[in-house]
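Down below is the structure, laid out as structure tokens.
2 protein chains.
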Amino acid sequence: MNDVARLAGVSIKTVSRVVNDEPGVHPSTAERVLAAIDQLGFRRNLSARNLRRGSSTGTIGLVLEDVGNPFYSGVTRAVEEIARLRGRQVISGSSDEDPGRERELALEFCSRRVDGLLIVPAGLQHSYLVPEMRAGTPVVFLDRPAGDVVADTVLVDNIGGTVEAVTHLAAHGHRRIAFLGDAPDIFTANERLRGYREGCVRAGIGYHEELVAMGPHDENSVATTLKRLQTMREPATAVVAGNNRITVHILRSLAGVAERPALVGFDDFELADLLSPPVTVIAHDASALGKAATDLLFARLDGDNSPPRRVVLPVRLVPRGSGEVHA
Amino acid sequence: MNDVARLAGVSIKTVSRVVNDEPGVHPSTAERVLAAIDQLGFRRNLSARNLRRGSSTGTIGLVLEDVGNPFYSGVTRAVEEIARLRGRQVISGSSDEDPGRERELALEFCSRRVDGLLIVPAGLQHSYLVPEMRAGTPVVFLDRPAGDVVADTVLVDNIGGTVEAVTHLAAHGHRRIAFLGDAPDIFTANERLRGYREGCVRAGIGYHEELVAMGPHDENSVATTLKRLQTMREPATAVVAGNNRITVHILRSLAGVAERPALVGFDDFELADLLSPPVTVIAHDASALGKAATDLLFARLDGDNSPPRRVVLPVRLVPRGSGEVHA
DNA sequence: GGCCACTATGACAACGTTGTCCCCCAGCGG
DNA sequence: CCGCTGGGGGACAACGTTGTCATAGTGGCC
Chain A
143 MNDVARLAGV
153 SIKTVSRVVN
163 DEPGVHPSTA
173 ERVLAAIDQL
183 GFRRNLSARN
193 LRRGSSTGTI
203 GLVLEDVGNP
213 FYSGVTRAVE
223 EIARLRGRQV
233 ISGSSDEDPG
243 RERELALEFC
253 SRRVDGLLIV
263 PAGLQHSYLV
273 PEMRAGTPVV
283 FLDRPAGDVV
293 ADTVLVDNIG
303 GTVEAVTHLA
313 AHGHRRIAFL
323 GDAPDIFTAN
333 ERLRGYREGC
343 VRAGIGYHEE
353 LVAMGPHDEN
363 SVATTLKRLQ
373 TMREPATAVV
383 AGNNRITVHI
393 LRSLAGVAER
403 PALVGFDDFE
413 LADLLSPPVT
423 VIAHDASALG
433 KAATDLLFAR
443 LDGDNSPPRR
453 VVLPVRLVPR
463 GSGEVHA
Chain B
143 MNDVARLAGV
153 SIKTVSRVVN
163 DEPGVHPSTA
173 ERVLAAIDQL
183 GFRRNLSARN
193 LRRGSSTGTI
203 GLVLEDVGNP
213 FYSGVTRAVE
223 EIARLRGRQV
233 ISGSSDEDPG
243 RERELALEFC
253 SRRVDGLLIV
263 PAGLQHSYLV
273 PEMRAGTPVV
283 FLDRPAGDVV
293 ADTVLVDNIG
303 GTVEAVTHLA
313 AHGHRRIAFL
323 GDAPDIFTAN
333 ERLRGYREGC
343 VRAGIGYHEE
353 LVAMGPHDEN
363 SVATTLKRLQ
373 TMREPATAVV
383 AGNNRITVHI
393 LRSLAGVAER
403 PALVGFDDFE
413 LADLLSPPVT
423 VIAHDASALG
433 KAATDLLFAR
443 LDGDNSPPRR
453 VVLPVRLVPR
463 GSGEVHA
């Protein structure tokens, strides 16, 4: 800016005025300044500007589990979209379910003075954010609730979704319905297990421990579990999958197998309708989740200081065939 | 920092020393300072730090077409990963194929003084980046080349891939092979068309205009085109799809149709192996693309100032069945 | 001619840090 | 007792901006 001022033969304040379209600059002066800017390839330093103005940095931080996962990339896209409308840039990072990494990312973003934080929690402890929140940085948790702070949270109806999945299968005559879920220390996995249990009870088919397999799953463990479920004394005739990765593992395990249990998966995924049979799912909208969380964040930035809210987004059963197989 | 200094009864410089682990602070003083930091929830302002030090901002900018697209979210993930190892944060944005938006994002990132830029070009004009590049900001283009500047570029072997696709189909007896590609003003679409043409010539089956359908495609246009191709005088018996969205459109159009042409798609996608028939694809690795580009960017940041490089990553035909149907 | 209003411009401080340089004081040798 | 050394700490400027206030010049009006 100094260089521009020198080249144009004006003070740096005048350059600042031109750059900011402030009134009171003679057109011919402005022209000289613009020419100098162009010639030198000058670009105003936003950090310095924000520092001086004490205003927002125009950024929001997004901590998620893995951008590579289509579900979270959908969330990211929605966040970006709304941030753009509100003139903000998104800085994001993946925690890979590592609480330490989540914390590191969130605090790094705070050091960069983001205007707000969106976090998909990996851990259960979020008191490290208390100073930031007290300092006025709004924080919204999404997909899972925060550990030990009260804060805005946007979730999906995990329990309602699995209740619906079980109800759907029971309505098609199934009485031995299994549940394959993720590790129960993950909030969504645990909620979905609760929904499964409640669904079983409501359907009058009872909750049977031996039909449940939680825990981190890979393709092998899923295959083993399925075999066990299908060969037990009273075999399972239907399966509820706790998330889309598990659904896919199940589909791979069943490839080429004649005896297929009915299946309802949590999370929709692309091409589910083109498989044979097409896969019935409990769908929830990644972009709706991202949008709701971001809207909430911006409401806080706009001065809304009502008590922390918890928003639960509905899910929707999409019947496609795999869950409509009769027992 | 001022407040911390006051509370600890020291000067702000001493606080700075403590925060930066600089030597020459008495342990008991340091302890007082740390206590004050903790009590006030102080977090050093990175913008101010970087401004003062004139050092890097520790960020890199990533402009892509759409984070929501699995291909680009894979790229994003890879970029993030490497940036992390090198202590950088990623700021990203989606251009949606809009050159204006691409430019807006890139320049915004420059104003934020990113250490480097990774761009999936939407437009053909990139001279707007010349001042930035001259000012020392390294720029790497990925997936598509830049319009009117010479710069580092990482591409995939689009031509080789489609040549291979055609060759594969011809080897299975097909002589009427169609090509459905994206709008030819998109670099990759045009390259893949060239590869298709070359493949046809090499296979000795000639290039026939009427078997090619370029242009933006939606599900309807793909269905119409397929119908035309299958009912023409000498019908097409095989199809090459120019990208994964077109492949999916084709699959949807063919759902439930008895007379299926052989199919090879450009871009791999999840579950391709579980469809019936499983879909043969030309696979290229999103994370390899992201990694190669980011590595190149960091090499520049490390001082490599050799002439701009153009890296072409190999692709790989993954035979799964849909391309092995005999004519 | 003197005064006022107004326009165009500049000097200077400040944002939150850190680099440079300088000072104070205890401890030590001569 | 003097001077030197070195550890601990502070004052001040500077990074690139912008907000505040001041000032020089110009034209109009009485």
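Quick note, the sequences are listed as chains A and B, same order.
My numbering runs 142 ahead of the 1-based position in the first sequence.
My numbering runs 142 ahead of the 1-based position in the second sequence.
Quick reminder that beta carbons are idealized off the backbone N, C-alpha and C, glycines included.
Residues of the segment 182-199 of chain A that bring their beta carbon within less than 9 Å of a beta carbon in chain B comprise 182, 183, 184, 185, 186, 187, 188, 189, 190, 191, 192, 193, 199, in sequence order. Its Cα nearest to that of residue 198(B), the residue 278(B) stands out among 278(B), 205(B), 300(B), 335(B). Per DSSP, residue 335(B) has no beta-bridge partner at all. When C-beta distances to chain A are compared with 8 Å, the residues of the segment 364-396 of chain B below that value are 390, 393, 394, in chain order. Two segments are said to touch when three or more pairs of C-beta atoms, one from each, lie closer than 8 Å; by this definition the segment 448-456 of chain B touches the segment 277-296 of chain B. Remark: three or more beta-carbon pairs, one from each stretch, lie closer than 8 Å, so the segment 262-275 of chain A and the segment 203-210 of chain A are flagged as touching.
Interface residue (Cβ-Cβ distance to chain B less than 8 Å): residue 284(A) is not classified as such. Secondary structure note for residue 181(B): its alpha helix (DSSP H) is the uninterrupted segment 169-182. DSSP links residue 452(B) through a beta bridge to 295(B). For residue 273(A), at least one C-beta of chain B is nearer than 8 Å to its own C-beta. Under the Cβ criterion of 8 Å, residue 441(A) is not counted among the residues facing chain B. As the crow flies, the alpha-carbon of residue 404(A) is around 29 Å from that of residue 386(B). By the C-beta density criterion, residue 155(A) is exposed, having fewer than 16 other C-beta atoms within 10 angstroms.
Here DSSP, grouped into helix, strand and coil, assigns residue 199(B) to coil. Taking a Cβ-Cβ cut-off of 7 Å, the neighbours of residue 277(B) in chain A comprise 183, given in sequence order. Going by DSSP, residue 251(A) is part of no beta strand (DSSP E) but of the alpha helix (DSSP H) stretching over 241-253. For the 8 Å CB-CB criterion, residue 395(B) and residue 423(B) do not form a contact. In this structure, the beta-carbon distance from residue 298(A) to residue 457(A) falls below 8 Å.
Within chain B, the C-beta atoms nearer than 8 Å to that of residue 235(A) come from 222, 226, 231, 232, in chain order. Comparing C-alpha distances from residue 406(A) to each of 412(A), 392(A), 144(A), 400(A) shows the shortest one belongs to 392(A). Counting along the chain, residue 213(A) sits inside the alpha helix (DSSP H) bounded by residues 212-227. Residue burial annotation: residue 369(A) is exposed, with fewer than 16 other C-beta atoms found within 10 angstroms of its C-beta. At a cut-off of 8 Å between C-beta atoms, residue 258(B) does not count as an interface residue with respect to chain A. In terms of Cβ geometry, residue 189(A) and residue 193(B) form a close pair [threshold 8 Å]. Counting along the chain, no alpha helix (DSSP H) covers residue 256(B), and no H or E run does either. In the structure shown, the three-state DSSP call for residue 231(A) is strand. Per DSSP, the continuous beta strand (DSSP E) segment holding residue 425(A) begins and ends at 422-425. In the DSSP assignment, residue 236(A) is bridged to 206(A). Burial state of residue 333(A) is buried, judged by a 10 Å Cβ sphere holding 16 or more other Cβ atoms.
Contact between residue 338(A) and residue 308(A) holds: CB atoms are separated by about 6 Å, below the 8 Å threshold. Neighbourhood of residue 208(A) in chain B, by CB distance below 8 Å: 219, in chain order.
The three-state secondary structure of residue 160(A), taken from DSSP, is helix. A check of alpha carbon separations from residue 280(A) across 436(A), 310(A), 416(A), 464(A) identifies 436(A) as the nearest.
Closer than 8 Å to the CB of residue 401(A) there is not a single CB belonging to chain B. The three-state secondary structure of residue 462(A), taken from DSSP, is coil.
In the structure shown, residue 388(B) adopts helical secondary structure according to DSSP, grouped into three states.
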